[in-house]
Amino acid sequence: MNTKQHTVIDSPYGPLTLVADHDGVLCGLYMTDQRHRPPEETFGDRDDTPFAEAQDQLNAYFTGELKDFSLELRLNGTPFQRSVWDQLRRIPYGETRSYGELAEALGNSGASRAVGLANGRNPIGIIVPCHRVIGAGGSLTGYGGGLDRKQRLLDFERGTALF
12 MNTKQHTVID
22 SPYGPLTLVA
32 DHDGVLCGLY
42 MTDQRHRPPE
52 ETFGDRDDTP
62 FAEAQDQLNA
72 YFTGELKDFS
82 LELRLNGTPF
92 QRSVWDQLRR
102 IPYGETRSYG
112 ELAEALGNSG
122 ASRAVGLANG
132 RNPIGIIVPC
142 HRVIGAGGSL
152 TGYGGGLDRK
162 QRLLDFERGT
172 ALF
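To convert, note that position 13 of the sequence shown is 24 in the numbering used here; the numbers rise steadily by one, no gaps.
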């Protein structure tokens, strides 16, 4: 059985679509108009049941009460992509890292472009904080949810913007 379920929740960044796999494990969190967003028909039937804990943690994050998520996740990707996504989860709340710094943390300082490509394919935005990755010199570069959302998430985490 390979049936997924999904729900849609409100957030300060617009509707978020949460997707769970056949075991009820979160395998997707997508924003409206997100680049690399899978087709809606791959999300399965709408069912809010498997998402109570994810929704509670996201709500706590959006109110500033939660800084570290503790959800079971199923990150489907290549081994390299999963290693990048693991590094993303190590970036502390309110901080950023460059693509080059992530490549160095992976032991391959020349892989910053590959890190960027993997970052862009992150299937669980916000919880796996790809918004915390910036370009060399601190520039905002690429974000599947749009640079405006990226800036708003970073400002929120730095305490310079509240909702």
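Note that the Cβ used here is the ideal one computed from N, Cα and C, for glycine as well.
The structure presented is a predicted model; accordingly, all values stated were derived computationally and were not measured.
In its chain, beyond the 5 residues on either side, Y154, K161, L164 and L165 have a beta carbon closer than 7 Å to the beta carbon of H142.
Contact check for G35 against T18 fails: the beta carbons are separated by 9 Å or more. By the Cβ neighbour-count rule, G156 is buried, with 16 or more other Cβ atoms within 10 Å of its own. Straight through space, the alpha carbons of P90 and F73 are spaced by roughly 30 Å.
When the beta-carbon positions are compared, A116 and Q98 come within less than 9 Å of each other. Relative to P23, the option among R57, S123 and G75 whose CA is nearest is G75.
Boundaries of the beta strand (DSSP E) around V19: Q16 to I20. For V126, the enclosing alpha helix (DSSP H) begins and ends at S123 to G131. In this structure, the CA atom of R93 is about 10 Å from the CA atom of N130. Annotation for L40: the continuous beta strand (DSSP E) segment containing it runs L37 to M42. Just so you know, the alpha carbons of L37 and P134 end up roughly 10 Å apart. Within the segment 37-87, complete alpha helix (DSSP H) segments of at least 4 residues are found at 63-73, given in chain order.
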